[in-house]
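Have a look at the structure below before the remarks.
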Amino acid sequence: MRLGTIVSIGASAVLGIGALLIARLWIPSHAPHPTQAAQAATTVVEASVWGKLKTSVQFLAILFAILRPGHRTGGLYADEWLMIAAALLTIASAVDYFARFSGALRGESVADR
């Protein structure tokens, strides 16, 4: 495998993870928002543990990407492992979000949840 191919595959993976993270942020903000339904029902919609963990790992991954510690573990730098973890947590957070608020996305009340 040539170096150009490896760089291309790596760049595609980074773009894919970036697109996933952006989509996880964009979809809830452009869909009918559960917070609007919750406000009408005077219910507070708190961030889930998955969302809080996802955000923390994303910030840590960005910090590690800026600092880029000099050694690799398992062929990847620490920031790359953290970004993979952030991508997996993004998926878990999105699944949790849509499972908890699927009714609100259809216009149903969040108060019953």
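Using the working numbering, read the sequence shown as starting at 228 and increasing by one per residue.
Beta carbons: idealized from backbone N, C-alpha and C, even for Gly.
Please read all numbers here as calculations on a predicted model, not as lab measurements.
Query, Result
"Decide if residue 276 is buried, meaning its Cβ has at least 16 other Cβ atoms within 10 Å, or exposed.", "exposed"
"Taking the alpha-carbon positions, what's the residue 274 to residue 247 distance?", "19 Å"
"CA-CA distance, residue 245 and residue 327?", "24 Å"
"Using the C-alpha atoms, what's the distance from residue 287 back to residue 297?", "16 Å"
"I'd like to confirm the pairing. Which residues does DSSP put opposite residue 303 in its beta bridges?", "300"
"Cα separation between residue 312 and residue 329?", "25 Å"
"For residue 285, which residues in the same chain have their Cβ closer than 6 Å to its Cβ, ignoring the five residues on either side in sequence?", "313"
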